[in-house]
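**Q**
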Amino acid sequence: MAEQGLLAGVGWTRAVRLDGLTGKDDAEVWVKLEAANPTGSYKDRMALAMIRGAEQTGRLRPGQIVVEATGGSTGASLAMVCAVTGHPLRVVTSDAFALEKLSAMRAFGAEVDLVTSPPGGFRPELWPQLIELAKLVADQVDGFATDQFHNPDVINAYKPLGYEVAAQVPGQIDAFCVSVGTGGCLIGAGRALRQRFPAMLRVAVEPAESPVLSGGEPGTHRIEGAGIGFWPPLLESYDFDEVISVTSEDAREMARVAAAEYGLFSGPSTGANLVAAARLARRLGSGHRVLTVQVDSGLKYLSGGLFE
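Put into C-alpha cells, the structure is as follows:
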C-alpha cells in the first residue's frame, strides 16, 4: 500500500551528476540526493521499512513502544516515523554523536537514554554497549526492538533506492560505492542495481582507522554513521566486490570541499563516499559512471566543528 501524508515524502529523491569532483579523463560521478528525505537522511527509508514491516507481521502492536540503539540519524528517522504512526520511541544513543541528531530525536518526541563517551571519536566498544542497553530497555518497557543490525527489513528499505536510480541515471552504471554502517544500503541498493547492471562493481567504504571489512582491527575514527567496529550481521561477503578505506580527515575534508566548491552540503560519511567515488572514477576512466549516495544533510553537523 502506498504511503499517505508525510511518509509519502520518503524516497524518490533526485540523482544528479556531480561536476568538478573529477577530471575530463575520469568517469562521471553521480550522487543520489538522500538529504531530500523528510528528516534529511537516507535513514528515513530504513525507519519506515522497519516500522511498517513489524506492523504488517504483527511483531509491533498498535501504540507499542519502539526501542533502538542508534548513532543519531536512525533515531531521528525513527522518531519521525513513530510520531506519524503513533508509537512512542525510546532511543539509546551517545553524546559521541552530533548534537543536532540528538536534538532532532527529542523534537520528534523520542525519549533519549544518553551514554557518555570519551571525546576524540567513535570507539569500537561503543556500539556493543548501546546495543546491549537497548535490549535491556526493550525488556523493561515491553517494547519492540527494531534491532537495525539484524533486521532484514533494513535490506528491503534500500532496494527501491537502487530501482529509482537505475531509472534516473542515463545509461550504464559501472560502480556503486557507499559507506557501511548496518550495510543495508550497500546490500539492498546493490542487489537491485545488479539486476539491471550485472557487471557493476559494488564497493564498501569504511574508515581507514577501523578497517574491519578489510580484515583489520577495529579502531577509533570520526566518520559518523560508518565503521561500527564489527562485521555488520546482515552483510555477506558476496554483497560487495571490494573495500575502499578512507581516513577520517580525508572524509571530513571532502565534506567541507563538497559544500564550498560543489554545493553539496553533507556530513563525513558522504565525504567518505565522495573520496571513494573519486578514486573509482580515476581508475575506471572516461566513458564510465560511478554512483554514490549523499547520506544526509550537513545541517546535522553544524555544532561539531566540521565546517569551521
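Position 78, counted from 1, in the sequence shown is what UniProt numbering calls 78; the numbers after and before it change by one each time, with no gaps. Where is the CB? At the ideal position from N, CA and C, for every residue including glycine. It should be emphasised that the depicted structure is a prediction, and the values quoted were computed from it without experimental measurement.
Which residues bound the beta strand (DSSP E) around A175?
**A** By 1-based counting over the sequence shown, the position of residue 175 is 175. Taken as a continuous stretch (DSSP letters only), the beta strand (DSSP E) holding A175 covers 175-179.
**Q** As a quick exercise: from S297, V29, A189, pick the residue whose alpha carbon is nearest that of H288.
**A** Against the sequence shown, residue 288 aligns to sequence position 288. Among S297, V29, A189, the Cα nearest to that of H288 belongs to V29.
**Q** At the 8 angstroms Cβ level, is G143 part of the contact set with chain D, yes or no?
**A** Absent here is chain D; the protein component of the structure consists of one chain.
**Q** K24 by DSSP, collapsed to three states: which one?
**A** The residue given as residue 24 occupies position 24 in the sequence shown. It is coil, neither helix nor strand.
**Q** Which ranges does the alpha helix (DSSP H) cover as unbroken runs of at least 4 residues, wholly within the segment 221-284, from first to last along the chain?
**A** Listed in chain order, they are 248-262, 268-284.
**Q** What first and last residue would you give for the alpha helix (DSSP H) that runs through D95?
**A** Here residue 95 refers to the residue found at position 95 when the sequence shown is read from its first residue. Taken as a continuous stretch (DSSP letters only), D95 belongs to no alpha helix (DSSP H), as it is neither H nor E.
**Q** From what residue to what residue does the alpha helix (DSSP H) around A8 run?
**A** Within the sequence shown, numbered from 1, the residue matching residue 8 stands at position 8. Where A8 is concerned, there is no enclosing alpha helix (DSSP H), given that its DSSP letter is neither H nor E.
**Q** Taking the straight line between their C-alpha atoms, what separation do you get for S103 and A166?
**A** Translated into the one-based positions of the sequence shown, residue 103 becomes position 103. Translated into the one-based positions of the sequence shown, residue 166 becomes position 166. The straight-line gap from Cα to Cα measures roughly 35 angstroms.
**Q** Compute the distance between the beta-carbons of G285 and D25, then report whether it is under 8 angstroms.
**A** Here residue 285 refers to the residue found at position 285 of the sequence shown. Here residue 25 refers to the residue found at position 25 of the sequence shown. In this structure, D25 lies closer than 8 angstroms to G285 by Cβ.
**Q** Among the residues of its own chain, which have a CB less than 8 angstroms from the CB of R123, if the five just before and after it don't count?
**A** Mapped onto the sequence shown, residue 123 falls at position 123. Excluding sequence neighbours, R123 sits near A96, S117, T220, G229.
**Q** Report the start-end ranges of each alpha helix (DSSP H) in the segment 111-156 that is 4 residues or longer and not cut off at the edges.
**A** For the segment 111-156, whole alpha helix (DSSP H) runs of length 4 or above, ordered along the chain, are 126-140.
**Q** From this set, D296, G188, V10, which residue's C-alpha is nearest G225's C-alpha?
**A** Counting from one through the sequence shown, the residue named residue 225 turns up at place 225. If we check each option's Cα against that of G225, D296 comes out closest.
**Q** How far does the alpha helix (DSSP H) with V295 in it reach, from first residue to last?
**A** Taking the sequence shown and counting its residues from 1, the one referred to as residue 295 is at position 295. Taken as a continuous stretch (DSSP letters only), V295 belongs to no alpha helix (DSSP H), as it is neither H nor E.
**Q** Would you call the segment 57-73 and the segment 134-147 touching, i.e. three or more CB-CB distances under 8 angstroms?
**A** Yes, they touch.
**Q** Within 10 angstroms of its Cβ, does P233 collect 16 or more other Cβ (buried), or is it exposed?
**A** The count along the sequence shown starts at 1 and reaches residue 233 at position 233. Answer is exposed; the Cβ neighbour count stays below 16.
**Q** Where do the ends of the beta strand (DSSP E) carrying V67 lie?
**A** Numbered from 1 along the sequence shown, position 67 holds the residue referred to as residue 67. Looking at the DSSP string, the run of the beta strand (DSSP E) that includes V67 is 66-69.
**Q** Can the beta-carbon of F197 be found closer than 8 angstroms to that of Q172?
**A** Counting from one through the sequence shown, the residue named residue 197 turns up at place 197. Counting from one through the sequence shown, the residue named residue 172 turns up at place 172. Taking 8 angstroms as the Cβ cut-off, F197 and Q172 qualify as a contacting pair.
**Q** Is M41 helix, strand or coil when you go by DSSP?
**A** Within the sequence shown, the letter at position 41 stands for residue 41. In the sequence as presented, Met is not what sits at residue 41; that position holds Ser. Strand.
**Q** Would you be able to state if there are at least three C-beta pairs under 8 angstroms between the segment 27-47 and the segment 3-16?
**A** As far as the Cβ criterion goes, the segment 3-16 touches the segment 27-47, which means the pair count is three or higher.
**Q** Would you kindly work out how many angstroms separate the C-alpha atoms of A8 and L60, rounded to a whole number?
**A** Numbered from 1 along the sequence shown, position 8 holds the residue referred to as residue 8. Numbered from 1 along the sequence shown, position 60 holds the residue referred to as residue 60. Taking the straight line from one Cα to the other gives about 21 angstroms.
**Q** Residues in the same chain with beta-carbon distance under 6 angstroms from S269, minus the five sequence neighbours each way, listed in chain order, please.
**A** Against the sequence shown, residue 269 aligns to sequence position 269. So the list reads S179, I223, G225, A226, V295, once near-sequence residues are dropped.
**Q** Suppose you measure from the CA of T57 to the CA of M50; what does that come to, to the nearest Å?
**A** Locating residue 57 in the sequence shown gives position 57, counting from the first residue. Locating residue 50 in the sequence shown gives position 50, counting from the first residue. One C-alpha to the other measures close to 11 angstroms.
**Q** Hey, V137 and F176: beta-carbon distance below 8 angstroms or not?
**A** In the sequence shown, the residue the question calls residue 137 occupies position 137. In the sequence shown, the residue the question calls residue 176 occupies position 176. Against a cut-off of 8 angstroms, the Cβ pair of F176 and V137 comes out as no contact.
**Q** Check this for me: beta carbons of S77 and S41, under 8 angstroms apart or not?
**A** Taking the sequence shown and counting its residues from 1, one reaches residue 77 at position 77. Taking the sequence shown and counting its residues from 1, one reaches residue 41 at position 41. Yes; because the gap between Cβ atoms is below 8 angstroms, this pair is in contact.
**Q** Spatial neighbours of T74 within its chain, please: C-beta separation below 7 angstroms, excluding the five flanking residues on both sides.
**A** Position 74 of the sequence shown, counted from the start, is the residue given in the question as residue 74. Closer than 7 angstroms at Cβ, skipping near neighbours: K43, M46, A47, E68, Q148.
**Q** Does DSSP put P218 in a helix, in a strand, or in coil?
**A** On the sequence shown, residue 218 is found 218 positions in, with the first residue counted as 1. In the structure shown, P218 sits in coil (DSSP, three-state: anything other than H, G, I, E or B).
**Q** What do you reckon, are the CB atoms on A98 and Y301 nearer than 8 angstroms?
**A** Counting from one through the sequence shown, the residue named residue 98 turns up at place 98. Counting from one through the sequence shown, the residue named residue 301 turns up at place 301. For A98 and Y301, yes; Cβs fall inside 8 angstroms.
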